[in-house]
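This report refers to the structure that appears directly beneath it.
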Ligand code: SF4
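Chains as they are written, first to last, in the working numbering: chain A, 1 to 465; chain B, 1001 to 1198.
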């Protein structure tokens, strides 16, 4: 029978099928961080069991870490306590731990691929919903809750019903100023935040073929924002080139053997999906969100939709616009902004800082804008320096901070104040996501750069020649 | 951890007729700093429930003394967003044992099932009927019967059946959790590990 990429990887990891229930599903790689793992380790302790496969488990501190003065002790006692718990639990169970300041430290979904932990055909989980990022390599990767973290720590398995299959095709090449982030925000705006609930998505079509690995990661990262369990892209030469020679990538004979397997990882031509969508790049321009969920996005030159075209939940829609301080029918262009945040596992990789620099080069930051530029990892930070991007952004009046999740979820001190507007390259514009009362406009690094220079929402194409 | 058995629940309910309630509203990130599973109920819907100065927002249903019960009825697409199980813990810790909605986000639903909170998905029409009944009489009772997979609005006698896979149902009826099950197949798992290429 013809099968999809997703079927191939999924079925290879099922140890047992439970009648009328979930599959017992084996996990190749388990990423953990300080926020969603402590209670799982307590559970292990209560049961008196050890981590079953510590060498398949990787720990990094990211959610709760400061982005300045990382060499100093963490001030917030609660955050410090979580970081300590991660370190001690890792030590006790023999888990590799990249704590604050470690050269490999960074956001869990950035350091995984960077270090070759992420591989095609692997199953990867983490107690963070944006684990879907790793699907860019042809892996099945998804976020899990703390009870499941405990399951994986103790048995390297979880119980999962197999999701349904969806394919999203996007055909054509990207226009000027249009990035992978815009493709993802466009898809979410078309499907809504629940349009892919219950599905696992495969992305296909020329746009993804042409996209860099970084771009593919951005797209897969955002799969969860339309409700999907995850998203994946079939591995190709670009994938192999990216992973080759990285720290945990198989070497020599193991590499050859793995390659043989990886080459089989594609959807058969006549395979059938439960649902399929096709979009054209000609319909996609730089995107921006205007509401309080990632589905409330539109092309930057459009006007905010009026309630009469909103399908359902008019009251919720109005509540959302009210929170944002916007009116239906408003244009987003020209709206004054206060903050710019470039970072997160969505857009905190080197390509994103290159894009940001391409616009701010030779220009100056708007005086009233506070900008937080936060690399996804120390490796990204090092590259920013190495490629001369740091000089460009410094000259334009920006500073670079130290790696971590930062204002993506504002668990540390990087909080957007109540009522202020932030153009953010992260993934969620929920009420208060970036600090109580904060107002988030999700966009690409190019749109963020244009906003940082102009001090208001601006079409980045104005700055590109 | 193992949890309370769930069989039938008859209770009044709190209404929250808002769509796309995301996990950042259920429990904002700044309250995720604990290393133990304790006290999350206090911060359930923190920013909708309290003003910045810590005083209660009178018009939020969870602060309204006319409502009570162990059932939370939410709008469509309840629990979207992050994988934080803390959201389900907060719901549980507040005293809820069941959440009713016409549509749930995946991870939230899973998390609920894993800690013994029953997510009950009903039709949009029935959800509307429940909201209306609560609005008319805040003490109106709903009966959730897991064995028969039915949810009944007692005042009208109207009832709907809901889905749950038979494995999870068994777990909830008996208070078992997945880890007990997986622990019992450790040898089979260890054999499987040997076959993995990486
Ligand atoms: S950057 Fe944001 S989405 Fe990504 S792992 Fe950190 S908190 Fe989660």
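A virtual CB, placed ideally from N, CA and C, is assigned to each residue, including glycine. Predicted model only: the values in this text are computed from it and were never measured.
Asked, Found
"Classification of residue 435 (chain A) by the beta-carbon crowding that lies within 10 angstroms, buried from 16 upward", "buried"
"Pairwise C-alpha distance: residue 1120 (chain B) and residue 1163 (chain B)", "8 angstroms"
"6 angstroms Cβ shell around residue 277 (chain A) - same chain, five flanking residues per side excluded", "168"
"Span of the alpha helix (DSSP H) around residue 381 (chain A)", "378-386"
"For residue 112 (chain A), the three-state DSSP class (helix, strand or coil)", "helix"
"Assumed close pair residue 1062 (chain B), residue 1092 (chain B) - CB separation to whole angstroms, cut-off 8 angstroms", "Not a contact, Cβ separation roughly 14 angstroms."
"Among B:1191, B:1160, B:1054, B:1141, the one whose alpha carbon lies nearest that of residue 1068 (chain B)", "B:1141"
"Alpha carbon of residue 148 (chain A) to alpha carbon of residue 88 (chain A), nearest angstrom", "20 angstroms"
"Contact test: residue 428 (chain A) Cβ vs the ligand SF4 heavy atom, cutoff 8 angstroms", "yes"
"Supposed close pair residue 27 (chain A), residue 125 (chain A) - CB separation, criterion 8 angstroms", "5 angstroms"
"Residue 60 (chain A) (DSSP reduced to helix, strand or coil)", "strand"
"Under 9 angstroms between C-beta atoms of residue 58 (chain A) and residue 112 (chain A)", "yes"
"Chain B contact for residue 18 (chain A) (CB, 9 angstroms cutoff)", "yes"
"Selection of the segment 420-453 of chain A by Cβ proximity to chain B, strictly under 7 angstroms", "428, 430, 431, 432, 433, 436"
"Residues that residue 96 (chain A) contacts on chain B, provided the C-beta gap is smaller than 8 angstroms", "In chain order: nothing, as chain B lies at least about 16 angstroms away."
"Residue 443 (chain A) versus residue 336 (chain A) - alpha carbon distance", "15 angstroms"
"7 angstroms Cβ shell around residue 163 (chain A) - same chain, five flanking residues per side excluded", "198, 199, 200, 229"
"The segment 152-161 of chain A / the segment 282-300 of chain A touching (three or more Cβ pairs under 8 angstroms)", "no"
"Close beta carbons around residue 463 (chain A), own chain, < 6 angstroms, minus the five adjacent residues each side", "359, 450"
"Residues that residue 220 (chain A) contacts on chain B, provided the C-beta gap is smaller than 9 angstroms", "In chain order: nothing, as chain B lies at least about 16 angstroms away."
"Min CB distance residue 298 (chain A) to chain B below 9 angstroms", "no"
"Interface flag, residue 1005 (chain B) vs chain A, CB-CB below 9 angstroms", "no"
"Neighbouring residues, chain A, relative to residue 1075 (chain B) (Cβ below 8 angstroms)", "313, 316"
"Residue 220 (chain A) CB to nearest heavy atom of the ligand PLP below 8 angstroms", "In terms of ligand content, the structure shown lacks the ligand PLP and carries the ligand SF4 instead."
"Buried or exposed (CB count within 10 angstroms, at least 16 for buried), residue 249 (chain A)", "buried"
"Completely contained alpha helix (DSSP H) runs for the segment 312-345 of chain A, where each covers 4 or more residues", "314-324"
"With 16 other Cβ atoms within 10 Å as the buried cut-off, status of residue 1039 (chain B)", "exposed"
"Closer than 8 angstroms: residue 424 (chain A) CB and nearest the ligand SF4 heavy atom", "no"
"Alpha helix (DSSP H) runs contained entirely in the segment 120-175 of chain A, provided each spans 4 or more residues", "146-155"
"Contact list for residue 65 (chain A) against chain B, beta-carbon separation under 8 angstroms", "Within chain B, no residue comes near residue 65 (chain A); the closest Cβ sits about 12 angstroms away, beyond 8 angstroms."
"Cβ-heavy atom distance, residue 149 (chain A) to the ligand SF4, below 8 angstroms", "no"
"For residue 403 (chain A), the nearest candidate out of A:412, A:396, A:395, A:397 (CA to CA)", "A:412"
"Paired residues, beta bridge with residue 422 (chain A) - DSSP", "A:339, A:440"
"Cβ-heavy atom distance, residue 378 (chain A) to the ligand SF4, below 8 angstroms", "no"
"CB-CB length for residue 108 (chain A) against residue 60 (chain A), believed under 8 angstroms", "5 angstroms"
"Proximity to residue 100 (chain A) [Cα-Cα], best of A:133, A:405, A:453, A:93", "A:405"
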